[in-house]
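Heads up: the protein sequence lines correspond to chains A and B, in order.
Per numbering that gives the first Met the number 0, numbering of the first sequence is gapless, rising by one per residue and ending at 331.
Per numbering that gives the first Met the number 0, numbering of the second sequence is gapless, rising by one per residue and ending at 331.
Since the structure comes first, as structure tokens, the remarks are kept for the end.
Number of protein chains: 2
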Amino acid sequence: MTRFVLAAGTTATATIDGISAAGADPDVMVHTPSADAEILEYGQPVRAPVTPVSPSGCPTPAVVTRAVRELLGFPTTVVDAGLAEPTAAGTVTVGATPGDDIRESEPVPTAHGAWAAARQFGRALPDDELLLAESVPGGTTTALGILTALGETRGVSSSLAENPLDLKESVVDGALAASDLNPGDCRDQPKRAVRRVGDPTAAVLGGLVAGALETDTAVTLAGGTQLVAVAAFARHAGIDGGLSLATTSFIADDPSVDLDAAAAAFDLDVTVTDPGFDRSHVAFERYLDGEAKEGVGMGGALALAERAGLPASDVRDRIIAVYDRLLAGEQA
Amino acid sequence: MTRFVLAAGTTATATIDGISAAGADPDVMVHTPSADAEILEYGQPVRAPVTPVSPSGCPTPAVVTRAVRELLGFPTTVVDAGLAEPTAAGTVTVGATPGDDIRESEPVPTAHGAWAAARQFGRALPDDELLLAESVPGGTTTALGILTALGETRGVSSSLAENPLDLKESVVDGALAASDLNPGDCRDQPKRAVRRVGDPTAAVLGGLVAGALETDTAVTLAGGTQLVAVAAFARHAGIDGGLSLATTSFIADDPSVDLDAAAAAFDLDVTVTDPGFDRSHVAFERYLDGEAKEGVGMGGALALAERAGLPASDVRDRIIAVYDRLLAGEQA
């Protein structure tokens, strides 16, 4: 049995102007992970007072994951990895709290405790395989922080069509300075990297990887550069078990990301799935234009669909159905 | 789409000697609802350090509900209705806290708030039908408290083969005295009844009923006399929408319970399902001998199985598989 586990959290880093597309403005964005969890569980927001569709019409990738879930019915678990707003999704508690701006000296004080609790949880889960996913606005910036502190020089993607890499690098420079760190100073100390310049979802996912691999549970990291940072976390923690990464063609085609290099550096078995989007629907068009790209395990869900032999057209039809339901709910 | 919602909680009432069979002793019993939620979600305890199988070999009814869930794949949601110990099941928060001994003056101080939050949640859920279930040790005693405070004179069942009715009545007498109430003093004030002499699961389930019916979601109360008390709660709250009750033949055959009278009093459409247990397995035998009888929505799950046309023998085979997995996990 394959279980899909979503680590949903927030950070003040996401509120830095221009960092994230995960929500139209900071007041909305803080609700996005809560809404994503609800879309995964119920197909639409329930308690979250937002509909995570960008002003241009780009839906949260939770819509894609939900669509595949409706077709395949895989079990899901949401871990509270620092939610700041209520969610109606059932959540597992591991002691994570919302992350602060990484330009503060200790933005993730719960990193060690959340890692330990998530590891115990990952050890105890009876499933054969875990797909590990994230929802955390600003997550590619905190991923860049983690990778830099670990001394890794991988690029990171963006939920925006125009990746604000200069801004991200400047934020990460400020983060390292605030923690009195140089690039590479947290080599082999991934929990320290997360505590100083990361976000709580990385601590939770790093713990889940550790616990799952200790008990011979197969692990697929379902996502883009944030999950590459989790892979880096695992390798810097000395974990040498097999790790897969399942992501979308939008990440594979992103010039900011070198997936092959990441796969080689962190010994990842990479699966890239192209959902075959065309210009027949605004949701597809926004992804073709470079928005969102990945998140909420979209690439992993698409890989599950392909593995199960679901026709891509069935997945696309269901994505439109979920999208239409979201917008209908917003108008209601 | 039919969703199964479990309200899982605890009370100090359950620790009164001789009240409940839901766990061998009070130290174990306080973990039972957390373990039940995990069995529902994962098929076995994950964080809970107990295996809810009685010394005689009687498994928690969560095993039956899980077995049906494995065959039908219906979506589930666990609401924290006053858990006292950690669970690895994802839980929805409505502000409920563990109940005190009903012989204290205000054993459920969170009753009104949890009711309101659960009502909002019930209103917002997009499902067509909800099956509402409980896991709360000592729940038939608190149900008797609620029914008595409402002025209803229904009998209550027991998870023990020998129903300690005299003990329950004496506890409820003490509860009414501690709250300075006479039978019927909370007529048409069900939240007050729960706050004074009930348990937090009743507040949560009462709120879910209210919210669901307000938005034309079909509601099936999945359980025995505790869900009859929830029906009484709804009627005393002035809710006159349609309500079904799905329970087991063990409750229907219990001389302490008059299901027909309850159905008439609270306008319930009652479905009784006989799982066809025989003496081929210790788990079945314990139920035939009068243990457990109902709980964790067992009767509702069996009704779903019957509605879906699942052969009862498939359900029984799966119950044995889940049971064997539980015991294997205990030995591991």
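C-beta atoms are modelled at their ideal positions from N, C-alpha and C, and glycine is treated no differently.
Asked, Found
"Looking only at C-alpha atoms, which of B:Ala123, B:Gly308 and B:Ala304 sits nearest to Ile318 (chain B)?", "B:Ala304"
"Check Glu133 (chain A) in the structure and name its three-state DSSP category.", "strand"
"For a contact meaning CB atoms closer than 8 Å, what does Thr216 (chain A) contact in chain B?", "Simply none; closest approach about 13 Å."
"Report the residue ranges of all alpha helix (DSSP H) runs contained in full by the stretch 127–212 of chain B; include only those spanning at least 4 residues, in chain order.", "138–148, 164–177 and 189–196"
"What residues in its chain sit with their C-beta under 8 Å from that of Ala260 (chain A), if we drop five residues either side in the sequence?", "Arg153"
"Which residue spans inside the stretch 222–256 of chain A form an unbroken alpha helix (DSSP H) run of at least 4?", "224–235 and 248–251"
"Going by alpha carbons, who is nearest to Ser55 (chain A) out of A:Glu290, A:Gly294 and A:Ala311?", "A:Glu290"
"How far does the alpha helix (DSSP H) with Arg2 (chain A) in it reach, from first residue to last?", "Counting along the chain, Arg2 (chain A) falls outside any alpha helix (DSSP H), though it belongs to the beta strand (DSSP E) covering Thr1 to Ala7."
"Go ahead and label Met28 (chain A) buried or exposed: buried means 16 or more other beta carbons lie within 10 angstroms of its beta carbon, across all protein chains shown.", "buried"
"Any C-beta of chain B within less than 8 Å: which residues of the stretch 38–55 of chain A qualify?", "Glu40, Tyr41, Gly42, Gln43, Val45 and Arg46"
"In whole angstroms, what is the alpha-carbon distance linking Glu128 (chain A) and Pro74 (chain A)?", "11 Å"
"Does the beta-carbon distance from Ala245 (chain B) to Thr214 (chain B) come in below 8 Å?", "no"
"Cutting at 6 Å between CB atoms, please list the residues of its own chain near Thr92 (chain B), excluding the five before and the five after it.", "Asp79"
"Taking 8 Å as the CB-CB limit, is Ala123 (chain B) close to chain A?", "yes"
"Under 7 Å Cβ to Cβ from Gly173 (chain B), same chain only, skipping five residues before and after it: list those, please.", "Arg102"
"Indicate whether Gly275 (chain A) and Ala221 (chain A) have their beta-carbon atoms separated by less than 8 Å.", "no"
"Going residue by residue through the stretch 43–81 of chain A, where are the continuous alpha helix (DSSP H) segments of at least 4 residues, counting only ones entirely within it?", "61–71"
"Measuring only the C-alpha atoms, how far is Phe3 (chain B) from Leu212 (chain A)?", "32 Å"
"CA-CA distance, Val170 (chain B) and Arg195 (chain B)?", "13 Å"
"Helix or strand or just coil, what does DSSP make of Ala217 (chain A)?", "strand"
"Can you check DSSP and say which residues form a bridge with Thr31 (chain A)?", "BP columns for Thr31 (chain A) are empty, so no partner."
"Would DSSP call Asp268 (chain B) helix, strand or coil?", "strand"
"Would you check if the stretch 151–167 of chain B and the stretch 200–208 of chain B touch, i.e. whether three or more CB-CB distances between them fall below 8 Å?", "no"
"Use the C-beta contact count for Pro199 (chain B): other C-beta atoms within 10 angstroms, 16 or more gives buried, fewer gives exposed.", "buried"
"Here's the rule I'm using: 16 or more other beta-carbon atoms within 10 Å means buried, otherwise exposed. How should Ser312 (chain B) be labelled?", "exposed"
"Among the candidates A:Pro60, A:Gly144 and A:Thr1, whose CA atom is the shortest distance from the CA of Tyr286 (chain A)?", "A:Pro60"
"Hey, Leu146 (chain B) and Ile18 (chain B): beta-carbon distance below 8 Å or not?", "no"
"Find out if the Cβ-Cβ distance for the pair Ala230 (chain A), Leu180 (chain A) is shorter than 8 Å.", "no"
"So with CB distances below 8 Å, who are the chain B contacts of Phe120 (chain A)?", "Val45, Arg46 and Ala87"
"Determine which residues share a DSSP beta bridge with Thr10 (chain B) and list them.", "B:Gly98"
"Do Pro97 (chain B) and Thr12 (chain B) count as a contact pair if the criterion is CB distance below 8 Å?", "no"
"Could you please give me the residues that DSSP links to Thr90 (chain B) through a beta bridge?", "A:Thr90 and B:Val77"
"Taking only beta carbons into account, state which residues of the stretch 63–79 of chain B come closer than 9 Å to chain A, listed in chain order.", "Gly72, Pro74, Thr75, Thr76, Val77, Val78 and Asp79"
"Would you tell me roughly how many angstroms separate the C-alpha atoms of Pro136 (chain B) and Val63 (chain A), rounded to the nearest one?", "40 Å"
"Can you list, in chain order, the residues of the stretch 90–116 of chain B whose Cβ is nearer than 8 Å to any Cβ on chain A?", "Thr90, Val91 and Thr92"
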